[in-house]
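S.K.:
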Amino acid sequence: MANPLYDTLLGVHQGSDASFLHLQDGTTWSYDDFLRKVAQFAHAITAEGVVAGDRIAAQIEKSPEALALYGACVQAGVVFLPLNTGYTVDELSYFIENSGAKLVLCDAANLDELTPVAAKYGARIATLNSDGSGTLSDAAGAMSDQFDTVERRADDLAAFLYTSGTTGRSKGAMLTQNNLLSNAQTLAEYWQFTSDDVLLHALPIFHTHGLFVATNVVLASGGAMIFLPKFNLDVMIDRLPQATTLMGVPTFYTRLLGDERFTRDLTKHMRLFVSGSAPLLAETHVAFEARTGHRILERYGMTETNMNTSNPYDGERRAGTVGFPLPGIELKITDPATGETLPQGEIGQIEVRGPNVFKGYWQMPEKTAEELRADGFFITGDLGQIDADGYVQIVGRDKDLIISGGYNIYPKEIELILDDQPGVLESAVIGVPHPDFGETVLGLIVPQKGATPDLDAIAAQASTSLARFKHPRKLLLIDELPRNTMGKVQKNVLRQTYADMFQVTSA
Ligand code: MCA
Ligand code: AMP
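In our numbering, the protein residues as written are 23 to 529.
(1) Would you kindly work out how many angstroms separate the C-alpha atoms of G509 and V414, rounded to a whole number?
(2) Run through the region 162 to 239 for me and flag every whole alpha helix (DSSP H) of 4 or more residues, listed as ranges in chain order.
(3) Since A246 is in the alpha helix (DSSP H), which residue starts that stretch and which ends it?
(4) Return the chain-ordered ranges of every alpha helix (DSSP H) run that is complete within the region 342 to 416 and spans a minimum of 4 residues.
(5) Just to confirm before moving on: does the CB-CB distance between N328 and N201 stay below 8 Å?
(6) Heavy atom of the ligand MCA less than 7 Å from the Cβ of S426, yes or no?
(7) Classify A529 as buried or exposed, calling it buried when 16 or more other Cβ atoms lie within 10 Å of its own Cβ.
(8) With 16 as the cutoff for other CB atoms within 10 Å, does N514 come out buried or exposed?
(9) In or out: A195 buried (at least 16 other Cβ within 10 Å) or exposed?
(10) What span of residues does the alpha helix (DSSP H) with K434 cover, start to end?
(11) Between L488 and I439, is the Cβ-Cβ spacing less than 8 Å?
(12) Within the region 60 to 130, note down every full beta strand (DSSP E) run reaching 3 residues or more, in order along the chain.
(13) Given the structure, does A341 come close to the ligand AMP, in the sense that its CB is under 7 Å from one of the ligand's heavy atoms?
(14) Does the region 461 to 470 come close enough to the region 493 to 507 to have 3 or more Cβ pairs within less than 8 Å?
(15) Would you kindly work out how many angstroms separate the C-alpha atoms of L531 and L89, rounded to a whole number?
(16) Excluding the five sequence neighbours on either side, which residues of its own chain have a C-beta within less than 8 Å of the C-beta of D476, listed in chain order?
(17) Go through its chain and collect everything with a Cβ distance to G244's Cβ below 7 Å, but skip five positions before and after it.
(18) On the DSSP letters alone, give me the boundaries of the beta strand (DSSP E) that I467 sits inside.
(19) Taking L105 and A79 to be in contact with their CB atoms under 8 Å, please state how far apart those CB atoms are, rounded to whole angstroms.
(20) Given this structure, state the Cα-to-Cα distance separating D287 from T462, to the nearest angstrom.
(21) If distances are taken between C-alpha atoms only, which option among P272, G342 and L348 comes closest to Y335?
(22) Determine, using beta-carbon pairs with one atom in the region 49 to 61 and one in the region 363 to 376, whether at least three such pairs fall under 8 Å.
(23) Quick test of your reading: T325 and T107, contact by CB under 8 Å. State the CB separation rounded to the nearest angstrom.
(24) State the Cα-Cα distance for the pair L114 and K389, rounded to the nearest angstrom.
(25) Quick one: is N25 buried, meaning 16 or more other Cβ sit within 10 Å of its Cβ, or exposed?
(26) Could you give the DSSP three-state label for T273: helix, strand or coil?
(27) Taking 7 Å as the line, does the beta carbon of S186 fall inside it for any heavy atom of the ligand MCA?
(28) Let me make sure I understand the geometry here. Which of A176, S85 and Q385 has the alpha-carbon closest to that of T30?
(29) Around the Cβ of D76, are there at least 16 other Cβ atoms within 10 angstroms (buried) or fewer (exposed)?
(30) Tell me where the alpha helix (DSSP H) around A450 begins and ends.
(31) Given 7 Å as the limit, tell me if N430 has its C-beta closer than that to any heavy atom belonging to the ligand AMP.
(32) With a threshold of 8 Å, are at least 3 pairs of Cβ atoms found where one atom belongs to the region 396 to 414 and the other to the region 371 to 379?
(33) Between which residues of its own chain and E70 is the CB-CB distance below 7 Å, once the five residues before and five after are set aside?
(34) Leaving out five residues on either side along the sequence, give the residues of the same chain with a beta carbon under 7 Å from the beta carbon of I424.
(35) Could you please give the first and the last residue of the uninterrupted alpha helix (DSSP H) stretch that includes S41?
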């Protein structure tokens, strides 16, 4: 095969009049409409001098054209690097520099700010706006709607997704064509997707969940998507009757349950609700079933691995678990100290191996070696156990990570900024339970002797360099940080102390 990912997920639909995208304005794109746009964009990026293996960094709003850009990268053999639309210029500069992107795509509203950044790192820049307009679209409009697909091998890179690290520096996870393709095919089969499915798509498309799970599964099965710019409760309730499936983070489900229009009747035609990216509380699972009669199917994945486990489609979907390893994927629980496999039922670190596991972190061989073993097992940083029936349960994290509404936040990145502020001796950033986002960010600051740091000024400073979703929802001054005998900050103690800060109510 010339380009496995393109040929299998996209090329097979060439000439098909079947619906692919139902948009909020009532219009529909067929597969053929979409593929012709993909080809035009492939010409447009090639005309910018981008060749196979180069990176394109894209901070663009969700739109059918943004999705076509992803397709264009696949068809042209270019490595697609999607970026959270919330990232600040500071954050973007790092990604552009680190990835060595040849072309940066942004919204016209951000062009002035990003032009010098792109120039500094030798990248070209073009625009693609939320309504599909922009300099790239203008160029594409004049191009042929047929493009000679660039040859790629299964282990050639298809995408970079940055994931933050415990040191505060983001790492570019290198994903191959086969990482994406094998997972899409496995999931489509496991979750029984067909061309009759219509997926209600309200996730962002700059992360694994919305792009490589939701979108690729639909492409693999030839179904359609109701493609919404973002999660909006009224629109979700309005569009649910036209859908057969929904994929979301737990916040989607708690928000739906919080609305009395979300009833058994509204969902009676639905085939499947999938949840992931963050733990789904067992009480949400139970409340959802009581309200709708559907059991949410929870699965577990990571940027570095796509999806690893899933509750069964036909068997029992067990609340509080993430199900079984997917076909072709091995999962073991090991002792963090020795790496030895632990007996069934014991808690340890979760390791996974399979065609889904990424190739390593871009230009970070030491980081890669720390997490990806020579035998192919990837150390996820999650702690779990396997019950007597084989269900995997995630019981915690070995890594210092906060997941807020499905977005990952690494405390170190925020602590580095807080520590730098006037009057601050040291800080600790923790995740505490939050009724809407699952967890949210709390910043604890220890002042220098005799100093009274200005918390408002500190919050303002943090907001200039960090994306909004990473901002501490609250900053508190405390006398000292609890430490163990080794001098390590005991974040578990802090998490217990401040657990009720944002008062969680049950769904
Ligand atoms: C928005 N805000 C947030 C978040 N989202 N703050 C913290 N955490 C968030 N997740 C900010 C907004 O900028 C706004 O700030 C304020 O919080 C309230 O916004 P609101 O309108 O309530 O939020 P929203 O726009 O409705 O978004 C919430 C959301 C969204 C729908 C839950 O965050 C979302 O779509 N999350 C999904 C993320 C995702 O796809 N994760 C998958 C990663 P202000 O008030 O100042 O304006 S992939 C992954 O994790 C792995 C591989 C996996 O297993 O899937
Ligand atoms: P990311 O780095 O964005 O890819 O996030 C991956 C992390 O999200 C995993 O390592 C887990 O900690 C968490 N995660 C994903 N799915 C689940 C789930 N169903 N339950 C609990 N945690 C999850």
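Cβ coordinates follow ideal geometry from the N, Cα and C atoms, glycine included.
M.R.: In terms of the structure at hand:
(1) 33 Å
(2) 199 to 212
(3) First-last for A246: A246 to F249, but that is the beta strand (DSSP E), not the alpha helix (DSSP H).
(4) 387 to 393
(5) yes
(6) yes
(7) Any answer about A529 is weak, because its pLDDT of 44 lies below 50 and its placement is not dependable; what the coordinates show is given next. Result: buried.
(8) exposed
(9) buried
(10) P433 to D441
(11) yes
(12) 77 to 81, 101 to 104 and 125 to 128
(13) no
(14) yes
(15) Missing from the structure shown is residue 531; the chain here goes from 23 to 529 and no further.
(16) P444 and G445
(17) H35, A40 and S217
(18) G460 to P469
(19) 6 Å
(20) 33 Å
(21) L348
(22) no
(23) 17 Å between Cβ atoms; not a contact.
(24) 21 Å
(25) buried
(26) helix
(27) no
(28) A176
(29) buried
(30) Per DSSP, A450 belongs to no alpha helix (DSSP H); it is in the beta strand (DSSP E), V446 to H456.
(31) yes
(32) yes
(33) L125, R146 and A148
(34) I431, P433, G453, E461 and V463
(35) Not the alpha helix (DSSP H): S41 falls in the beta strand (DSSP E), residues S41 to L45.
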